[in-house]
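Below is one structure, written out as structure tokens; the observations come after it.
Numbering (our numbering), first residue to last: 2 to 190.
So, in structure tokens, the structure goes:
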């Protein structure tokens with residue numbers, strides 16, 4: 002690549018590294034978590050006991066001894082949280098398609114919310130998988146958590162993009178109550 006496309010602030014043609022990695026992360030989480038959330042919606046108990054959700058299901062059944070109706074409630078809550086994270090990632094992807102929003106950093110809030118909620122859910126899943134001894138689920142949650150933490154660290158250490166400075170003329174002897182056209186006429190005289 003040519004040197005003209007790279008700037009010293011970690012961008013390539015107006016893209017921040019955290020924005021690009023956030024988009025890649027969204028491309029993983031949106032389809033994956035949407036599929037498993039819809040599986041929970043279609044069949045709450047069966048979807049709850051699939052590999053990505055098994056740690057929460059086993060932890061709740063072992064430690065809280067829930068009835069089947071209580072298990073369905075927690076399954077729906079898990080699906081709702083996953084769809085919330087998916088929605089924040091989708092909003093982030095919509096925002097980065099607009100260069101003005103992307104360059105001003107307006108998309109960072111949606112990404113931060115998705116990372117915070119998704120990170121909390123992945124961390125809780127990792128701890129619960131460790132408690133019940135589900136190694137495969139624990140590896141999955143650790144991988145998701147490391148992906149989320151990687152993007153969060155990039156967002157934290159990456160400097161903000163520079164904005165162009167706007168030259169403002171100062172009229173030192175102008176009356177603030179006077180219209181600008183008269184101020185220019187007085188300054189010229």
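Where is the CB? At the ideal position from N, CA and C, for every residue including glycine.
Run of the alpha helix (DSSP H) containing residue i, from where it starts to where it stops
i	result
residue 69	69-97
residue 66	No alpha helix (DSSP H) contains residue 66, which DSSP labels as neither H nor E.
residue 160	First-last for residue 160: undefined, no H or E at that position.
residue 126	109-133
Three-way DSSP call (helix, strand, coil) for residue i in this model
i	result
residue 140	helix
residue 40	helix
residue 52	coil
Pairwise C-alpha distance: residue j and residue i
i	j	result
residue 27	residue 94	8 Å
residue 7	residue 92	Its pLDDT being 47, under 50, residue 7 is placed unreliably in this model, and the value from its coordinates should be taken loosely. Rounded to whole angstroms, residue 7 to residue 92 spans 27 Å at the Cα level.
residue 141	residue 108	27 Å
residue 60	residue 100	44 Å
residue 83	residue 158	27 Å
residue 153	residue 102	19 Å
residue 47	residue 67	16 Å
residue 136	residue 128	11 Å
residue 80	residue 50	13 Å
residue 106	residue 161	8 Å
residue 41	residue 69	14 Å
residue 155	residue 29	18 Å
residue 18	residue 62	42 Å
residue 20	residue 134	36 Å
residue 143	residue 149	10 Å
residue 65	residue 25	37 Å
residue 43	residue 151	33 Å
residue 123	residue 147	9 Å
Closest by C-alpha distance to residue i, when choosing among the options
i	options	result
residue 31	161, 145, 155 and 160	145
residue 58	25, 149, 85 and 132	132
residue 23	39, 117 and 134	117
residue 37	16, 151, 113 and 76	76
residue 16	113, 98 and 151	98
residue 85	104, 111 and 71	111
Integer-rounded CB distance, given that residue j should sit under 8 Å from residue i
i	j	result
residue 96	residue 115	Going by Cβ atoms, the distance from residue 96 to residue 115 rounds to 12 Å, so no, they are not a contact pair.
residue 56	residue 121	Actually they do not touch by this definition, with Cβ atoms about 14 Å apart.
residue 125	residue 52	Rounded, the Cβ-Cβ distance is 16 Å, inconsistent with contact.
residue 87	residue 35	5 Å
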